[in-house]
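In UniProt numbering, the protein residues as written are 1 to 699.
Inspection log for the structure reproduced underneath, given as structure tokens.
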DNA sequence: GATCGGATAC
């Protein structure tokens with residue numbers, strides 16, 4: 001056996017200190033670097049603000065080269081620092097030759113993992129295969145008691161050989177049988193005990209989540225002098241992981257180092273996953289970089305582990321780092337890696353990049369499976385990209401991709417039907433305005449007892465509101481509340497937007513209000529306050545403040561938009577202007593008005609139709625006053641509505657154009673930029689003058 | 001879940 005190596009905790013601890021030291025000594029350089037590498041994961045960026053430092057010049061690195069027998073941690077630390085600076089793309093010329101990072105090339109350093117995967121003995125033929133299969137089957141079928149087992153095992157058909165034993169151990173299914181058979185072999189002493197017998201038994205125990213028994217067997221191996229190999233350790237570690245005993249997983253990994261056994265890439269990636277699940281991102285990166293520094297070429301499974309970790313952290317830079325690493329090492333992502341990275345992109349809130357990655361995956365010939373499609377559909381649904389979602393739906397039909405990713409789950413015994421997939425589908429149908437399909441899903445969920453969550457409920461209500469199906473809307477809302485859905489601000493927001501659509505019918509309006517009253521009575525009281533013409537501005541202002549501070553940040557602007565719409569629908573223009581003013585005052589419309597020397601721009605893209613028209617009136621009014629006072633004006637004026645691709649902005653440019661006409665304002669659609677209306681200073685001045693001269697003539 | 005180990009959705 002090799003001499004004991006340093007424990008991995010020592011390595012990590014030493015490295016953390018060193019990392020901090022390196023960071024501190026170079027902070028000045030770091031802060032002056034105006035172009036940080038965009039591919040750095042967050043954790044790297046935090047702890048390693050600079051990447052160009054050569055570790056050779058640090059005192060620690062120098063000292064390690066002079067020592068005769070440097071510890072593993074000492075050998076690896078400078079390498080890790082060095083690799084961090086080269087492998088993530090700041091110096092692409094060094095990227096392809098990690099070996100150049102050796103501090104002392106004449107003396108090869110001990111690696112942190114073995115580059116050779118543990119060899120497996122070839123499967124040997126067993127002449128009595130059939131007999132032993134039957135024997136194993138009988139044991140499988142007998143009871144779990146020791147007595148029954150003892151009786152049964154006596155019927156062993158031939159002499160036990162190594163191959164026969166393996167065959168039986170592999171065929172025994174419930175873990176107690178495998179465990180008992182191994183025990184029997186050990187006490188009978190018919191053949192010498194081997195590592196592989198323990199490994200096979202441990203695999204069976206892992207299936208039954210019997211970590212304690214696995215640990216007992218491992219101790220027994222130590223006691224009996226049976227070598228634990230990489231397969232033993234990776235099985236122990238993965239079982240600990242499966243049982244959520246992460247400290248145990250780390251313990252056995254350290255123990256492996258202490259006994260002098262070098263992990264191979266299977267064990268190594270298993271432990272990376274453990275650290276990732278513990279949220280120890282920095283440690284994972286350190287271990288990964290360390291392995292890389294010694295010439296390790298990680299395989300797709302490792303990248304899947306890294307991708308999942310960065311996804312959990314919502315770390316987009318980290319995800320790009322993984323992609324960049326695979327590219328530079330020349331590892332082609334497989335299905336699982338793509339699935340992991342797509343999921344990660346979703347968690348990092350990058351639907352656009354997820355879409356490109358998905359297209360790249362198809363392009364490279366990797367067939368998507370139901371996990372891929374669920375992830376992508378979910379991302380499109382969340383981003384409200386209904387067009388992309390439906391296009392994907394069509395492609396699934398065309399290519400024969402798994403259409404039944406929901407049905408699959410219904411049929412599976414182990415997986416409960418997925419409320420999340422239903423929500424994603426509700427979102428798609430909802431965004432597309434397909435009420436029938438959305439309601440069909442809703443009824444199906446009720447039939448199958450699938451929990452409707454608040455997001456699904458919000459999608460449905462939006463959809464029903466748009467279709468003016470107020471009775472169904474009330475029914476869905478009541479059922480959702482009954483089944484324990486807690487209305488949140490988004491749900492209130494969608495009720496509010498439905499209310500702003502229900503113009504005309506007092507009856508329908510009352511139906512929506514009854515729902516909103518259950519979800520947020522204060523909001524209903526505020527609506528009543530603002531639609532009362534007698535209410536004074538000061539009172540509105542006070543209550544507005546209360547309502548908005550109580551609402552979560554992301555719904556404040558939609559709330560205000562809807563409230564303005566509601567007022568305009570009731571011809572309460574003055575109140576609408578007050579609300580827009582309050583919204584601006586509370587910072588709900590940043591960037592509504594942008595000024596440069598040559599151009600003033602009104603950007604109403606984040607406003608509802610009513611709010612946009614109110615903003616336009618306000619702007620024209622202000623511009624009129626400026627013209628009348630003969631104050632300085634820029635050469636050009638621009639009003640931006642967007643082209644209406646966003647779901648909430650649909651029709652905004654059309655309504656805006658017709659309102660411009662109504663005001664006879666001098667804005668014309670821009671020929672260069674869709675969704676823009678432009679006017680020159682001359683147009684504007686002419687418009688104000690003619691308006692007032694005609695007014696003067698009229699009076 | 002035939003053949004001793006590591007990765008993916010809610």
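No residue lacks a Cβ here, since even glycine has one placed at the ideal position from N, Cα and C.
All values reported here derive from a predicted model rather than from experimental measurement.
Own chain residues within Cβ distance below 6 Å of residue i, not counting five before or after
i, result
"residue 322", "303, 306, 307"
"residue 414", "The predicted model places residue 414 with a pLDDT of 40, which falls under 50 and marks its position as unreliable; any figure quoted below should be read in that light. Nothing meets the Cβ criterion."
"residue 35", "The predicted model places residue 35 with a pLDDT of 41, which falls under 50 and marks its position as unreliable, so this point remains unresolved."
"residue 270", "234, 237, 238"
"residue 180", "149"
"residue 273", "305"
"residue 459", "426, 427, 430"
"residue 660", "667"
Assumed close pair residue i, residue j - CB separation to whole angstroms, cut-off 8 Å
i, j, result
"residue 361", "residue 380", "Incorrect: roughly 15 Å between the Cβ atoms, too far for contact."
"residue 175", "residue 205", "5 Å"
"residue 480", "residue 452", "6 Å"
"residue 598", "residue 634", "5 Å"
"residue 422", "residue 456", "6 Å"
"residue 343", "residue 365", "Actually they are not in contact, since the Cβ atoms of residue 343 and residue 365 sit about 21 Å apart, beyond 8 Å."
"residue 492", "residue 519", "5 Å"
"residue 487", "residue 512", "No, residue 487 and residue 512 are not in contact; Cβ-Cβ is about 13 Å, not under 8 Å."
Buried versus exposed call for residue i [16 or more other C-beta atoms within 10 Å across all chains shown]
i, result
"residue 497", "buried"
"residue 388", "buried"
"residue 687", "buried"
"residue 530", "buried"
"residue 373", "buried"
"residue 144", "exposed"
"residue 292", "buried"
"residue 276", "buried"
"residue 159", "exposed"
"residue 443", "exposed"
"residue 340", "buried"
"residue 242", "exposed"
"residue 347", "buried"
"residue 224", "exposed"
"residue 462", "buried"
"residue 521", "exposed"
Nearest-angstrom Cα separation, counted from residue j out to residue i
i, j, result
"residue 169", "residue 262", "27 Å"
"residue 146", "residue 265", "39 Å"
"residue 532", "residue 384", "35 Å"
"residue 549", "residue 555", "11 Å"
"residue 678", "residue 595", "14 Å"
"residue 651", "residue 490", "22 Å"
"residue 471", "residue 515", "11 Å"
"residue 358", "residue 345", "11 Å"
"residue 592", "residue 469", "34 Å"
"residue 112", "residue 441", "53 Å"
"residue 314", "residue 642", "29 Å"
"residue 546", "residue 203", "60 Å"
"residue 284", "residue 267", "14 Å"
"residue 684", "residue 525", "42 Å"
"residue 135", "residue 152", "9 Å"
"residue 371", "residue 397", "16 Å"
"residue 376", "residue 672", "34 Å"
"residue 690", "residue 628", "12 Å"
"residue 437", "residue 464", "11 Å"
"residue 140", "residue 232", "24 Å"
"residue 680", "residue 639", "12 Å"
"residue 676", "residue 585", "26 Å"
"residue 332", "residue 298", "11 Å"
"residue 191", "residue 156", "14 Å"
"residue 327", "residue 355", "19 Å"
Residue i: CB within 7 Å of a non-hydrogen atom of the ligand ZN
i, result
"residue 226", "With respect to the ligand ZN, the structure offers nothing, as it holds no ligand at all."
Neighbourhood of residue i by C-beta, 7 Å cutoff - its chain only, sequence neighbours within 5 removed
i, result
"residue 620", "663, 665"
"residue 250", "274"
Cβ-based neighbour list, residue i, same chain, cut-off 8 Å, excluding 5 preceding and 5 following
i, result
"residue 499", "509, 512, 513, 516, 527, 562, 566"
"residue 395", "401"
Next on the checklist: Within 8 Å, do at least three Cβ pairs link the region 374-393 to the region 339-351?
Outcome noted: Yes, the region 339-351 touches the region 374-393.
Next on the checklist: Does the structure place the region 535-549 close enough to the region 501-514 that three or more beta carbon pairs sit under 8 Å?
Outcome noted: Result no; under three Cβ-Cβ pairs closer than 8 Å.
Item to check | Stretch pair the region 598-617 + the region 550-568: three plus CB contacts closer than 8 Å | outcome: Touching, yes.
Checklist entry - Would you call the region 111-131 and the region 152-168 in contact, with 3 or more CB pairs under 8 Å? => result Touching, yes.
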